[in-house]
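Below you'll find the structure, written out as structure tokens, and then a few comments.
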Amino acid sequence: MFRDNGGFDIVIGNPPYLGESGNKEIFRPIARTEFGKKYYMGKMDLFYFFFHLALDIGNENCEIALITTNYYTTAFGAKRLRGDFKERAAIRRLINFNELKIFDSAKGQHNMITILTKNKDTNIFAKTCLTNRTGDTDAEILNSITSWSDNESSYYELAQVNIYEGDENYIRINGVKNNSVNHIDSVLNKMASLELRLGDIANINQGLVSGCDYVSGRNIQKLNSLKNVENGDGIFIFDLERDRDREIIERFSNDEKELLRPFYKNSEIDRYYSNRKHKKLVLYINKDIDSIDKYANIKTYFSRYLPILKDRREVKNGKIKPFHLQWARKESIFTGKKIVVPYRTKKNAFAYNDVEWFCRSDVYVITQQNTIYNLKYLLALLNSKPYYLWLYYRGKRKGEILELFQIPLSEIPIKPLKKDEQERYIDVVDDILSITRKEDYLVSVEEQAKVSNYDKKINEMIYDMYGFTDSEIEIIEEHYGEK
0 MFRDNGGFDI VIGNPPYLGE SGNKEIFRPI ARTEFGKKYY MGKMDLFYFF
50 FHLALDIGNE NCEIALITTN YYTTAFGAKR LRGDFKERAA IRRLINFNEL
100 KIFDSAKGQH NMITILTKNK DTNIFAKTCL TNRTGDTDAE ILNSITSWSD
150 NESSYYELAQ VNIYEGDENY IRINGVKNNS VNHIDSVLNK MASLELRLGD
200 IANINQGLVS GCDYVSGRNI QKLNSLKNVE NGDGIFIFDL ERDRDREIIE
250 RFSNDEKELL RPFYKNSEID RYYSNRKHKK LVLYINKDID SIDKYANIKT
300 YFSRYLPILK DRREVKNGKI KPFHLQWARK ESIFTGKKIV VPYRTKKNAF
350 AYNDVEWFCR SDVYVITQQN TIYNLKYLLA LLNSKPYYLW LYYRGKRKGE
400 ILELFQIPLS EIPIKPLKKD EQERYIDVVD DILSITRKED YLVSVEEQAK
450 VSNYDKKINE MIYDMYGFTD SEIEIIEEHY GEK
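When you line the sequence shown up against numbering that gives the first Met the number 0, it's residues 0 to 482, in that order.
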């Protein structure tokens with residue numbers, strides 16, 4: 000309905016869910032408009048614009064209800080959207096369907112209903128819901144959830160001030176300060192009370208980006224000639240289990256082979272374990288190399304892929320040359336002591352190694368910023384059960400999957416300890432690493448059981464360090480076991 004003074008009383012919608020990645024041609028025209036200049040942000044989703052527009056066209060006290068995906072509550076590209084909610088609206092309802100499938104045509108989505116009132120009335124309490132149901136839904140289940148009567152869903156009532164957390168304005172379904180019956184927040188608040196954060200004491204870097212790992216069905220169309228080219232041929236990344244890639248490498252001179260580095264996938268990481276037998280190599284050419292004239296075989300090889308190499312963004316912007324990796328990062332990140340973690344993982348799975356271990360951008364690499372905090376002490380914390388609870392509730396998630404990007408990693412609280420106090424944790428981690436480095440570790444039930452015992456010891460040490468009560472420890476153990 001449209002009132003005489005302009006503005007809608009009610010805005011209801013189910014906008015399209017379309018990320019910017021791979022769809023820049025749709026976002027660019029909007030970003031150039033006056034509306035887009037106000038609200039566009041990199042890595043955003045198209046439906047964010049619909050929320051902003053609803054707040055623009057609604058009059059004071061307009062009711063806004065949209066069903067979307069639930070990622071905006073912690074997504075990097077939704078920071079401006081969350082800020083707009085906080086500035087211009089009061090949240091009335093958040094119904095997070097989580098792993099429950101709402102639409103038959105979109106089984107992989109994690110959906111949420113958001114209901115806002117366009118005003119800044121801080122006296123309005125938000126009612127929020129997080130369902131624990133999974134699988135497909137039906138009308139009866141939906142009615143039960145949305146009528147606040149489902150026994151497989153958790154319900155909360157939050158003051159507006161307890162919805163948003165930190166400078167990123169993360170939206171917390173269960174609230175920042177919430178006295179729920181399971182007292183999960185009593186655990187999290189003890190951790191949050193620490194001033195020290197991982198980003199204060201460690202460097203957190205994304206793995207490298209080549210811009211063209213290998214020939215694909217998409218980039219092969221850019222080539223003028225397909226002579227000696229097949230789908231899957233390595234450009235910067237070579238698969239040692241692939242005959243054609245091995246033949247290419249064998250043609251390289253010894254000097255050229257010096258540019259090849261062991262390369263690993265995020266699937267080669269587990270808790271306290273990172274594979275050390277590489278099956279891939281990366282041709283590591285960064286800006287330190289100004290010319291490849293002395294690398295004749297590489298230069299000849301790259302010549303067949305020049306249309307692909309030149310079409311990368313950083314080449315077109317004049318920031319790198321066609322033979323450079325798009326974002327090589329500092330080489331030292333990959334060659335020294337480090338913690339590595341997949342950017343998406345079901346459980347907290349951090350690993351330590353001190354060998355050459357190059358990886359792509361779906362892995363984050365944590366290195367020492369100073370000598371005060373030992374990486375092995377940090378590893379003990381990051382792999383523990385209390386820290387899983389932190390990452391699950393105060394970090395970033397996509398459904399039940401933890402998303403361990405730079406910002407949520409940098410915001411992890413760290414218990415300050417003197418160097419000598421860290422030693423007891425380091426000793427246990429060394430015991431664990433001596434086991435996980437064994438060749439048969441992944442297939443040995445006996446060795447994995449030993450690690451579990453050491454793991455239990457670390458958790459008990461952390462429980463004691465934080466002063467968790469018996470009931471809080473029970474919550475941590477139960478929650479970790481359920482996930």
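Using N, Cα and C, we set each Cβ at its ideal position, and we do this for glycine too.
It should be emphasised that the depicted structure is a prediction, and the values quoted were computed from it without experimental measurement.
What does the Cβ neighbour count give for residue i, buried or exposed, with the cut at 16 atoms within 10 Å?
i, result
"Pro-407", "buried"
"Ser-152", "buried"
"Pro-261", "buried"
"Asp-232", "buried"
"Leu-381", "buried"
"Ser-179", "For Ser-179, the predicted structure reports a pLDDT of 45, less than 50, and the residue's modelled location is therefore unreliable. The matter cannot be settled from this model."
"Glu-473", "exposed"
"Arg-27", "exposed"
"Lys-417", "exposed"
"Pro-415", "exposed"
"Asn-177", "Only weak support is given to the placement of Asn-177: the predicted model assigns it a pLDDT of 48, under 50, and the value that follows is read from those uncertain coordinates. Asn-177 is buried by the Cβ-count criterion."
"Ser-470", "exposed"
"Gly-206", "buried"
"Leu-441", "exposed"
"Ser-331", "exposed"
"Ser-290", "exposed"
"Asp-419", "exposed"
"Ile-475", "buried"
"Val-364", "buried"
"Val-186", "buried"
"Leu-197", "buried"
"Ala-448", "exposed"
Bridge partners for residue i per DSSP, in chain order?
i, result
"Thr-366", "Asn-202"
"Asn-110", "Thr-68"
"Ile-236", "Val-281"
"Asn-95", "Met-111 and Leu-129"
"Gly-18", "Asp-44"
"Tyr-440", "BP columns for Tyr-440 are empty, so no partner."
"Tyr-169", "Glu-164"
"Arg-260", "Val-281"
"Arg-396", "Leu-401"
What is the C-beta distance between residue i and residue j, in whole angstroms, given that I count them as a contact (C-beta under 8 Å)?
i, j, result
"Ile-172", "Leu-93", "6 Å"
"Ala-89", "Ile-123", "4 Å"
"Leu-115", "Arg-91", "6 Å"
"Leu-45", "Arg-87", "Wrong, their Cβ atoms sit about 20 Å apart, outside the cutoff."
"Lys-85", "Tyr-163", "6 Å"
"Tyr-155", "Gly-174", "6 Å"
"Tyr-376", "Tyr-424", "5 Å"
"Lys-78", "Gly-134", "With 8 Å as the limit, Lys-78 and Gly-134 do not qualify as a contact, their Cβ atoms being about 32 Å apart."
"Ile-431", "Val-450", "5 Å"
"Glu-59", "Lys-106", "That belief does not hold up - the Cβ atoms of Glu-59 and Lys-106 are roughly 39 Å apart, past 8 Å."
"Ser-383", "Ile-457", "6 Å"
"Ile-25", "Phe-48", "Between Phe-48 and Ile-25 the Cβ distance is about 11 Å, and since that is not below 8 Å, they are no contact."
Between the Cα of residue i and the Cα atoms of the options, which residue gives the shortest distance?
i, options, result
"Gln-368", "Ile-219, Ser-433, Lys-414 and Asn-204", "Asn-204"
"Thr-435", "Asn-60, Tyr-351 and Tyr-163", "Tyr-351"
"Leu-401", "Arg-87, Ile-425 and Val-340", "Val-340"
"Ser-209", "Lys-78, Lys-315 and Ile-236", "Ile-236"
"Phe-333", "Lys-286, Tyr-263 and Ala-379", "Tyr-263"
"Phe-404", "Ala-74, Glu-33, Thr-68 and Glu-139", "Ala-74"
"Asn-230", "Leu-432, Glu-240, Leu-239 and Arg-217", "Arg-217"
"Gly-18", "Asn-118, Met-43, Leu-388 and Val-10", "Met-43"
"His-277", "Lys-286, Ser-266 and Asp-287", "Ser-266"
"Tyr-271", "Val-428, Gly-398 and Lys-318", "Val-428"
"Ala-158", "Thr-121, Ser-146, Ile-413 and Asp-149", "Thr-121"
"Val-214", "Gly-394, Pro-306, Ser-451 and Met-460", "Pro-306"
"Arg-303", "Lys-345, Gln-220 and Phe-357", "Gln-220"
"Asp-166", "Lys-437, Gly-466 and Ser-409", "Ser-409"
"Arg-132", "Ala-125, Lys-126, Asn-110 and Leu-80", "Asn-110"
"Val-160", "Ala-125, Lys-293 and Lys-189", "Ala-125"
"Tyr-300", "Asp-137, Lys-226, Leu-378 and Glu-33", "Lys-226"
Over the uninterrupted beta strand (DSSP E) stretch that includes residue i, give me the two end residues.
i, result
"Asn-218", "Element bounds for Asn-218: n/a, residue is neither H nor E."
"Val-186", "Careful: Val-186 lies outside any beta strand (DSSP E), inside the alpha helix (DSSP H) at 183-191."
"Ala-64", "57-68"
"Thr-73", "Segment: none, Thr-73 is in no beta strand (DSSP E) and carries neither H nor E."
"Leu-401", "400-402"
"Tyr-342", "No beta strand (DSSP E) holds Tyr-342; DSSP gives it neither H nor E."
"Leu-157", "152-158"
Just curious, the alpha helix (DSSP H) that residue i is in, first and last residue?
i, result
"Tyr-392", "384-393"
"Ile-307", "305-309"
"Leu-499", "In the structure displayed, the chain extends from 0 to 482; residue 499 sits before or after that span and is not available."
"Glu-355", "Segment: none, Glu-355 is in no alpha helix (DSSP H) and carries neither H nor E."
"Val-10", "Unbroken run through Val-10 is the beta strand (DSSP E), 7-12; no alpha helix (DSSP H)."
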